[in-house]
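>
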């Protein structure tokens, strides 16, 4: 929603020098010593918790239990045992995270593809197929973003458990739930983008005799790739990191539950086994971090474009 | 728990793992291919619709799948939840009884108080720190890296963040080596270790810090983009007039980024109201830390009180509603004036 006012973020800030003397003076003013000092303090405060977890996940269990992670400076010793333990499928400390990792993938990929496809089609219809009540229905869809997904959980679970459907606790239930909850925001965002396609382009395709299905395939989809990428990354991270939808619809067994659910459960039952928890938390975090660091630009764009999800 | 039964059932041999898990991945792949095939068929039908009424058929094919899902999965459930919130478990109309229960029950009052604390402090901390940081690092060397560091928590799940902070807060009795950084600092400073998560009422603050830690990155990125939109000429002019850095911020930057500030505060407020994972993972709502979103889940899905859960969901909806309406109005005004 903030897309309307927030311009494209300048991720690569221009160096003062490149934009002339004016920018140079601005740079000088704003990077005073105090400002730099506080910036470094904030950056450190914000990074230390994650860093401590990351370091700890590689320490031997006896070290974790008996000394803080900051003691690695004087007493460095590292091991991969914690990771072996959380991936193992038997033994006292097994967490079978491998299975849950696969479950997360199985949940996330369809739950990303389904809503984007449907939202793209609906967004096109709202933008380029004139019909009675179009703007009225579009506002209604937009307004659905107000509804917290908590409002939909109980009745939707009931629907999934109807005898004629009976998909409660299966992957399709989680896919469908995520698809539904993603639609209002995705339709809104993609509509913003698709409606900006120049009218001339659409008219030209029409003059060539193309119908809506053809225009959608040959013009709209190719032109919308950047918007689709942003929305896809955002949805991917949302689903991968989700706990609530998973808890309610996945049934919570090793057959379907995602990583987040397993790790949250582990935090409840093994709350003091930090050698396992740190490794488990890092396993759950690695995919989002890779996506984040490799696709940060799209991620930021998606975030600026719409942030009232849930 | 069910997962333990599941654990016993899984094969220990690695081939078993790969046939099982490969099967699941195959299932997902088939689902995606089948879905895209169906959508392709829809496109084919739209393409070859009879000339007469083609526009209507195409419109329906494009729009109906999404609309049917939204009707069945959001509109009807929301109405149904509203109805459930004014009925008893047996389904009889009871008026506002469930809401009275929430507001008079001591646990319910703690939940509402905590939610209020979250809504006041999370947006405030995130926005103030995010704005300060955005200003401090604006055009600084290494701005990009500095941004990534504070923004990174946005990518981590609430569950992961809860464990990261749970580790920061870890408590060991006095005299034992501390393994949580915060308690170690307390001990270094000559104090005694403190049970951050277990001791009410301050534990609510230590939980909401986790949310603020995550949302600061969001505030920083949006506000940084807004700050870069302030025209250099205006800043120059203010400087020539002898305005100090603080005055320039107050009278030039702040009014200019007001729209973005509103979006940031309202967006974080809405996410804060809805967040459930942090409380669920860190305490499960124990030690007087529950909030509306967590209590809704606990009542509806753990304690078998769906009617109270429904009422809590409606409370959440009512809390979110005015913020979203305000947000939309500000956005409208902003669009008109710019």
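Residue numbers (this note's numbering), protein chains in the order written: chain F, 2 to 311; chain H, 105 to 442. In this text, a Cβ means the ideal position worked out from N, Cα and C, and glycines have one as well. All values derive from a computational prediction rather than experimental measurement.
Taking just the CA atoms, how far does residue 45/F sit from residue 168/F?
Position 167 of the first chain holds residue 168/F. Position 44 of the first chain holds residue 45/F. Near 47 Å, if we compare the C-alpha coordinates of residue 45/F and residue 168/F.
> Just checking, does the stretch 249-268 of chain F make contact with the stretch 170-187 of chain F on the three C-beta pairs under 8 Å criterion?
Counting Cβ pairs under 8 Å, three or more are found: they touch.
> Name the chain H residues whose beta carbon is nearer than 7 Å to that of residue 269/F?
Within the first chain, residue 269/F is the residue found at index 268, counting from 1. Chain H residues near residue 269/F: 388.
> Between which two residues does the alpha helix (DSSP H) harbouring residue 192/F extend?
Residue numbering aside, residue 192/F sits at position 191 when the first chain is read from its first letter. 172-195 is the span of the alpha helix (DSSP H), which, as asked, contains residue 192/F.
> Taking Cβ-Cβ distances shorter than 8 Å, what residues in chain F pair up with residue 347/H?
Start at 1 with the first residue of the second chain, and residue 347/H comes out as number 243. Here the premise fails: no neighbours, minimum Cβ distance about 11 Å.
> With 16 other CB atoms within 10 Å as the buried threshold, where does residue 200/H fall?
Here residue 200/H refers to the residue found at position 96 of the second chain. With fewer than 16 other Cβ atoms within 10 Å, it is exposed.
> So, are the CB atoms of residue 317/H and residue 257/H less than 7 Å apart?
Within the second chain, residue 317/H is the residue found at index 213, counting from 1. Within the second chain, residue 257/H is the residue found at index 153, counting from 1. Their beta carbons are under 7 Å apart, which means residue 317/H touches residue 257/H by this criterion.
> What does DSSP give as the partner residue(s) for residue 51/F in the beta ladder?
Position 50 of the first chain, counting from 1, holds the residue named residue 51/F. Answer is none; residue 51/F lacks a bridge partner.
> By how many angstroms is the C-alpha of residue 86/F removed from the C-alpha of residue 60/F?
Counting from 1 along the first chain, the entry for residue 60/F is found at position 59. Counting from 1 along the first chain, the entry for residue 86/F is found at position 85. Approximately 13 Å between the Cα atoms of the pair.
> Are residue 58/F and residue 260/F touching if we call contact CB-CB under 7 Å?
By 1-based counting over the first chain, the position of residue 58/F is 57. By 1-based counting over the first chain, the position of residue 260/F is 259. No, these two residues do not count as a Cβ contact at 7 Å.
> Who does residue 191/H pair with in a DSSP beta bridge?
As a working mapping, residue 191/H is identified with position 87 in the second chain. Paired residues: 197/H.
> Residue 363/H to residue 357/H, Cα distance in whole Å?
What you label residue 363/H is simply residue 259 of the second chain in a count that begins at 1. What you label residue 357/H is simply residue 253 of the second chain in a count that begins at 1. If you take the alpha carbons of residue 363/H and residue 357/H, they lie about 12 Å apart.
> For residue 388/H, which of helix, strand or coil comes out of DSSP?
Looking up residue 388/H in the second chain gives position 284. Reduced to three states, the DSSP call for residue 388/H is coil.
> State the CB to CB distance for the pair residue 267/F and residue 96/F, rounded to an integer number of angstroms; the pair is presumed to be in contact (CB under 8 Å).
For this step, residue 267/F is matched to residue 266 along the first chain. For this step, residue 96/F is matched to residue 95 along the first chain. 6 Å between Cβ atoms; contact.
> Give me the subset of the stretch 218-252 of chain F whose CB atoms are less than 9 Å from a CB atom of chain H, sorted by chain position.
Within the stretch 218-252 of chain F, the residues whose Cβ lies closer than 9 Å to some Cβ of chain H are 218, 238, 241, 242, 243, 244, 245, 248, 249 and 252, listed in chain order.
> Look at residue 188/H and residue 411/H and say whether their C-beta atoms are less than 7 Å apart.
In the second chain, residue 188/H corresponds to position 84, counting from 1. In the second chain, residue 411/H corresponds to position 307, counting from 1. Closer than 7 Å, so yes.
> Measuring only between beta-carbons, confirm whether residue 108/H sits less than 7 Å from chain F.
Taking the first residue of the second chain as position 1, residue 108/H is located at position 4. Low local confidence applies: a pLDDT of 38 at residue 108/H is under 50, so the model's placement there is unreliable, with the coordinate-based value given in what follows. For residue 108/H, the answer is no, since every Cβ of chain F falls outside 7 Å of its Cβ.
> For residue 166/H, go through chain F and note every residue whose CB falls closer than 8 Å to its CB, in chain order.
As a position in the second chain, residue 166/H is number 62, starting the count at 1. Under the 8 Å cutoff, chain F gives 122, 123, 125, 126, 130, 213 and 217.
> Who are the neighbours of residue 394/H on chain F, taking C-beta pairs under 9 Å?
Walking along the second chain from the start, residue 394/H turns up at place 290. Neighbours of residue 394/H on chain F: none; closest Cβ ~14 Å, over 9 Å.
> Measuring only the C-alpha atoms, how far is residue 204/H from residue 419/H?
Translated into positions along the second chain, residue 204/H becomes position 100. Translated into positions along the second chain, residue 419/H becomes position 315. Spanning the two alpha carbons is a distance of roughly 12 Å.
> Beta carbons nearer than 8 Å to chain H: which residues of the stretch 75-105 of chain F have them?
Going along the stretch 75-105 of chain F in chain order, one finds 90, 91, 95, 97, 99, 100, 103 and 104 with a Cβ nearer than 8 Å to chain H.
> Tell me whether residue 303/H sits in a helix, a strand or coil according to DSSP, three-state version.
Translated into the one-based positions of the second chain, residue 303/H becomes position 199. Coil at residue 303/H, not helix or strand.
> So residue 107/F is in the alpha helix (DSSP H); what residue range does that whole segment cover?
Within the first chain, residue 107/F is the residue found at index 106, counting from 1. Here the alpha helix (DSSP H) through residue 107/F covers 98-129.
> Check the Cβ-Cβ distances between residue 115/F and every residue of chain H, and say whether any is below 7 Å.
As a first step, residue 115/F must be located in the first chain, where it is residue number 114. With 7 Å as the cut-off, residue 115/F counts as an interface residue toward chain H.
> Run the CB neighbour count on residue 241/H, radius 10 Å, all protein chains shown included, and call it buried at 16 or more, exposed below.
As a first step, residue 241/H must be located in the second chain, where it is residue number 137. That one is buried.
> Measure the C-alpha to C-alpha separation of residue 297/H and residue 62/F and round it to an integer number of angstroms.
To locate residue 297/H, count along the second chain from 1; it is residue 193. To locate residue 62/F, count along the first chain from 1; it is residue 61. Taking the straight line from one Cα to the other gives about 22 Å.
> State buried or exposed for residue 52/F, treating a residue as buried only when at least 16 other CB atoms are found within 10 Å of its CB.
Numbered from 1 along the first chain, position 51 holds the residue referred to as residue 52/F. By the neighbour-count rule (16 or more Cβ atoms within 10 Å), residue 52/F is not buried but exposed.
> Beta-carbon within less than 7 Å of residue 281/F's beta-carbon, same chain only, minus the 5 sequence neighbours each way: which residues are those?
Within the first chain, residue 281/F is the residue found at index 280, counting from 1. The answer, listed in chain order, is 87, 96, 98, 264 and 267.
> Would residue 14/F pass as an interface residue toward chain H - the criterion being a Cβ-Cβ separation below 7 Å?
The count along the first chain starts at 1 and reaches residue 14/F at position 13. Only weak support is given to the placement of residue 14/F: the predicted model assigns it a pLDDT of 39, under 50, and the value that follows is read from those uncertain coordinates. Taking Cβ atoms only, chain H reaches closer than 7 Å to residue 14/F, which makes this a yes.
> Between which two residues does the alpha helix (DSSP H) carrying residue 169/H extend?
Within the second chain, numbered from 1, the residue matching residue 169/H stands at position 65. 158-174 is the extent of the alpha helix (DSSP H) around residue 169/H.
> Is there a Cβ of chain F sitting closer than 7 Å to that of residue 135/H, yes or no?
Here the question's residue 135/H lines up with position 31 in the second chain. Yes, residue 135/H lies at the interface with chain F (some Cβ there is under 7 Å from its Cβ).
> Is there a Cβ of chain F sitting closer than 7 Å to that of residue 285/H, yes or no?
For the purposes of this step, residue 285/H is taken as the residue at position 181 of the second chain. With 7 Å as the cut-off, residue 285/H counts as an interface residue toward chain F.
> Looking at chain F, is there any beta carbon in it that lies within less than 7 Å of the beta carbon of residue 263/H?
For the purposes of this step, residue 263/H is taken as residue 159 along the second chain, with counting starting at 1. Closer than 7 Å: yes.
> With 8 Å as the limit, tell me which residues of the stretch 53-66 of chain F have their beta carbon closer than that to any beta carbon of chain H; keep them in chain order.
Those residues of the stretch 53-66 of chain F that come within reach of chain H (Cβ to Cβ, closer than 8 Å) are 53, 54, 57, 65 and 66.
> Quick test of your reading: residue 224/F and residue 198/F, contact by CB under 8 Å. State the CB separation rounded to the nearest angstrom.
Translated into the one-based positions of the first chain, residue 224/F becomes position 223. Translated into the one-based positions of the first chain, residue 198/F becomes position 197. Sure, about 6 Å apart at Cβ, within 8 Å.
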